[in-house]
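Asks:
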Amino acid sequence: MVWSAAAVMLLTCLGQVSADGQEAVTARTAIKDHRFQPDEIRVPANTPITLVIRNLDPTPEEFESKMLRVEKIVTGKAEITIRLRPLAPGRYRFYGDFNEATAEGAIIAE
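Everything in the sequence shown is counted per my numbering, starting at 75 for the first residue and increasing by one.
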């Protein structure tokens, strides 16, 4: 019983399995010259997502999405990981709050 609880906790912390046992899909994007590359990220609908964002610029950026309820700073030359709930089919806009004119994109769940 103790081993089972520890294993579930470890896997959940690692982002491999959601609370209901679904395996997470990893999606990646990078910030370069104040733009997301790729700016469209396709993921399977109704599946937990581990989003990895690497900032290749020397300046910080704030990854923000009102639709996803996420707001995270990515310092220059750094990487962050965001765990997202399973998404219903649709398009979920995100942007860089510090460079909104150029840093924009979407996650497309299909």
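Every residue gets a Cβ at the ideal spot worked out from N, C-alpha and C, and that includes glycine.
#1: Nearest to R102 by alpha carbon, out of T155, E178, P132?
#2: Leaving out five residues on either side along the sequence, give the residues of the same chain with a beta carbon under 8 Å from the beta carbon of Y166.
#3: Output needed for R116: all residues of its chain with C-beta closer than 7 Å, excluding positions within five of it in sequence on either side, in chain order.
#4: Would you grab the beta carbon distance between T149 and V126 for me? Rounded to a whole angstrom, and I think it's under 8 Å.
#5: Give me the Cα-Cα distance between I105 and L130, rounded to the nearest whole angstrom.
Replies: Let's see:
#1: Position 28 of the sequence shown holds residue 102. Selected option, being the one with the closest Cα: T155.
#2: Residue 166 sits at position 92 when you count from the first residue of the sequence shown. Hits under 8 Å: S139, M141, L142, A180, I181, I182, A183.
#3: Mapped onto the sequence shown, residue 116 falls at position 42. If we look at R116 and ignore the five residues flanking it on each side, its Cβ neighbours are I182, E184.
#4: Counting from one through the sequence shown, the residue named residue 149 turns up at place 75. Counting from one through the sequence shown, the residue named residue 126 turns up at place 52. With 8 Å as the limit, T149 and V126 do not qualify as a contact, their Cβ atoms being about 15 Å apart.
#5: Reading the sequence shown from its first residue, position 31 is the one you call residue 105. Reading the sequence shown from its first residue, position 56 is the one you call residue 130. If I take the Cα positions, the gap works out to 6 Å.
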